[in-house]
Amino acid sequence: MHILVVEDEQKMAQALHDGLEADGYSVRVAYTGEEGFYLIQAQPFDLAVLDVMLPGHDGFEILSTLRRRGIKTPVLLLTSKDTVEDRVRGLDTGADDYLVKPFAFPELLARIRVLLRRGKPYLEECHKLADLEMHLADRLVTRAGQRLELTQREFELLQYLFANSGRVVSREMLARDVWKETARQTPLDNVIDAQMVRLRRKIDGQFERKLLHTVRGVGFMLREEVDS
Amino acid sequence: MRLRPTHLRSRLTLWYVSVFAALLILAWVGTCALLFWQLRNQLDHFAIEEIETVEGLFYFDPGGHLRVREDYHNHPNSKDVIERFLEVRGPGGTVLFRNERLGNRALGGVPFAGEGVGGYSPRSARLSDGTRVRLVSRMHTLDGRTLLIRLAHSEEPLYSRMKDLLLASLLVLPAILLIAFGAGYGLARRALDPIQQMAHRAQEITPENLHARLPNDDADDELGQLARVFNQTLARLERAFEQLRRFTSDASHELRTPLAMIRSVGEVGLQKDGTRAEYRDIVGSMLEEVNRLTSLIDSLLTISRADAGHIQLHRSLVAVTDLTREAAGLFEILLEEKSLRIMVEGDQCAQVDGDHLFLRQALVNVIHNAVKYSPVGGTISVRVFLEHGDRAVIEVSDDGPGIPVEDQAKVFDRFYRVDKARWRESGGTGLGLSIVKWAVEAHGGNVALDSNANGGCKVSISLPAAGPRQLRKNHSSVLAETGSPSG
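If you read the protein sequences in the order shown, they are chains A and B.
Position one of the first sequence corresponds to residue 14 (the working numbering), numbered consecutively onward.
Position one of the second sequence corresponds to residue 265 (the working numbering), numbered consecutively onward.
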């Protein structure tokens, strides 16, 4: 999967490059809008991450020119403005998604996954990690063959963690996707943490091998082993 | 003075002089017209008297010629006799007589039907040489013959008198207008001087000396009122400015704190070599501060947008009790963790016309506060009811430590925190209640806090109620009871 990153801030561009490569993508960085525009026309990319605030031609201009020329590469806009008008403008110009800086990196990865998967619905009937199994149709969760009693919320939470298995999910992602909370300022962090504690107690409580991990400062991750 | 006066003073004067001139000319023209009409009436009257006298003085001489006896007047050359024009016509319009002064000139042309019958038909006419005359007619029968007697006086003296009057007025009017202009200008200047002074003073007021006020000598007149209103505005402005200044300094302090921690943690972390786990911990700790910083900036943005009036409410009918229950439900897990009981009882009919998202945010913030400050095993009670039928009131009470009286007024201020030492653990930004206050007030409601020394704290949100009142029921029932430990 080839991803083009158009970002003029050196550090940000580097971080995006490293982070996306670490997630298994091949990444090309352009530091100006013109360069990005040239690259996207010269070679096919599966997705472009486009900063809005660029010197010279800004992201909106480049995006609208691309769309006018019939280039349909999915575009994810990055911006530090988060007014509704900006959001609407971005999506109207032809952006496929819109992320406000500062964002959580796992969130960027999740959004990129969604964009790349678009059109190919991805529904799994069954999740499995080590000896933890989740059967969606029967609403059944087992660990080492032993049935776990989960509440509705815990079930949804585990399902979301499974869908992002091996990757970090941030509290923001959980608030939006599991709690369906639209306002950013809703004080849900304590709620999410408490819910996580409970889920962990049920999943990992009596087992030697821990599967649900907290990544300090970032979020949570469902993973078989952790490096450190 | 310029052609298009920009000064109010000149404009006022111009208006004043114009109106004055128009009125003056109107009065003058009216007077002249009245005078003219009266003089002419007099002329008619005079002519009628004369024609009545003269009709008895006609006789036919033996030759059948019509004559007029001049011996009636004791002075044969009396002015009246000399100045009048006299013409007599017979049936069919044949001229029977013209006096000496009239000579060969015709007086009034061919007789018209009904002329001189029953009245005197007073009218204006011109002689063949252009002389304007005022003419009366009289039908008279003499020796069995019908005579039409016409008698006229020249109107020329009348017109010349009017002309004199007009000339005089042309000389006098400009003089009067000049005086009026001077007086008007002086008056306008006097009236507007205080305004100019105020303008000068107002110009000197800058953000640095917002405490300055306008002079207000006579508080009861219009200018005094203007000054007072202006001063009130200045006072509001000063307060707003002061608030902004405090907010800016508070905000920069709040932003600096997490930044300082990020910096110290990073710097200290780099001072010595550590294990991978130690580095992860350091980065994680820095990221925690970043998250705090992000949510702080989000809240600040909301507040500044609200302050600037850029937030639009998307109103719809909101069932308050349901919304409250929903907001309380969000904290179910925290309630269970702290063994708190939350009682939501409410009037199902309480509805408001409001923005679902912001009202929910307000309720969530208030309930979250109650959850944070309640002791383990405590009870939070939420009551929703209609007051006077037109206010929907939401009361959230907890049995926490309460808030000192001296701080109660400040809890809705930005960045105010009751527990200054412990707030970081509870993870608030210090902006929650000020967002509540904004959201409630944006809906035309108000929020109050009540707390007593024994502890416990009650936040009341009162909103204008919407929806049909007749559906209102006075009994409230326990609609929800969540949070009692279930497992």
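Cβ coordinates follow ideal geometry from the N, Cα and C atoms, glycine included.
The C-beta separation of Phe73(A) from Thr106(A) comes to about 5 Å, placing the pair in contact by the 8 Å criterion. At least one beta carbon of chain A lies nearer than 8 Å to the beta carbon of Glu601(B).
By the 16-neighbour rule on beta-carbons within 10 angstroms, His632(B) is buried. Interface criterion met: the Cβ of Arg229(A) is under 8 Å from a Cβ in chain B.
Residue environment: Cys139(A) is assigned as exposed (fewer than 16 neighbouring CB atoms within 10 Å of its CB, all protein chains considered). Taking 8 Å as the cut-off, the beta carbon of Ile413(B) is found no closer than this to the beta carbon of Val374(B). Here Asp484(B) is exposed: its Cβ has fewer than 16 other Cβ atoms, across all protein chains shown, within 10 Å.
The shortest C-alpha to C-alpha distance from Leu321(B) to any of Asp407(B), Glu347(B) and Ser388(B) is the one to Asp407(B). In the structure shown, Ala117(A) falls within a coil segment according to DSSP collapsed to helix, strand and coil. Going by C-alpha positions, Thr227(A) is about 4 Å away from Phe233(A). For the pair Asp71(A) and Ser563(B), the Cα-to-Cα distance works out to about 27 Å. Distance check between Leu599(B) and each of Val635(B), Gly610(B), Asn629(B) and Leu587(B) places Val635(B) closest, using alpha-carbon atoms only.
By the criterion of a C-beta distance shorter than 8 Å, Leu170(A) is surrounded in its chain by Leu187, Val191, Gln208, Met209 and Leu212, once the five residues flanking it on both sides are discounted.
The beta-bridge partner set that DSSP reports for Lys427(B) is empty. Among the residues facing chain A, Ser661(B) is not included, as its CB has no counterpart in that chain under 8 Å away. Closest in C-alpha terms to Ile125(A), from the list Val88(A), Asp144(A) and Val204(A), comes Val88(A).
Nearest neighbour of Ala123(A) by Cα position, chosen from Gly46(A), Glu48(A) and Leu174(A), turns out to be Leu174(A).
Along the region 536-565 of chain B, going in chain order, the ones with a CB nearer than 9 Å to a CB of chain A are Thr539, Arg540, Ala541, Arg544, Asp545, Val547, Gly548, Ser549, Met550, Leu551, Glu552, Glu553, Val554, Asn555, Leu557, Thr558, Ser559, Ile561, Asp562, Ser563 and Leu565. Secondary structure of Phe494(B) (DSSP, three-state): helix. Pairing Val281(B) with Leu434(B) gives a Cβ-Cβ distance that is not under 8 Å. The three-state secondary structure of Met234(A), taken from DSSP, is strand.
Less than 8 Å divides the Cβ of Leu145(A) from the Cβ of Ile216(A). Taking CB atoms only, Thr199(A) has a neighbour in chain B less than 8 Å away. Each residue's CA atom was taken as its position, placing Ala712(B) and Asn473(B) some 34 Å apart. Here His574(B) is exposed: its Cβ has fewer than 16 other Cβ atoms, across all protein chains shown, within 10 Å. Close to Val628(B), with beta-carbon spacing below 8 Å, are these residues of chain A in chain order: Thr199 and Pro200. From the beta-carbon of Thr195(A), the residues of chain B found nearer than 9 Å are Leu621.
Judged by DSSP secondary structure, His620(B) falls outside any beta strand (DSSP E) and instead within the alpha helix (DSSP H) spanning His620 to Tyr637. A check of alpha carbon separations from Pro665(B) across Cys296(B), Ile658(B) and Thr643(B) identifies Thr643(B) as the nearest.
Excluding five sequence positions before and after Val332(B), the CB atoms of its chain that fall closer than 6 Å to its own CB belong to Leu321 and Phe322, given in chain order.
Taking the C-beta atoms as reference points, Ala626(B) is found nearer than 8 Å to Val704(B). Pairing Glu185(A) with Ala108(A) gives a Cβ-Cβ distance that is not under 8 Å.
By the rule that beta-carbons nearer than 8 Å mark a contact, Arg160(A) does not touch chain B.
Annotated three-state conformation of Cys296(B) is helix, per DSSP. For the C-beta of Val204(A), the chain B residues within less than 7 Å are, from N- to C-terminus, Leu594, Phe595, Ile597 and Leu598. Residues of the region 91-116 of chain A that bring their beta carbon within less than 7 Å of a beta carbon in chain B comprise Pro115, in sequence order.
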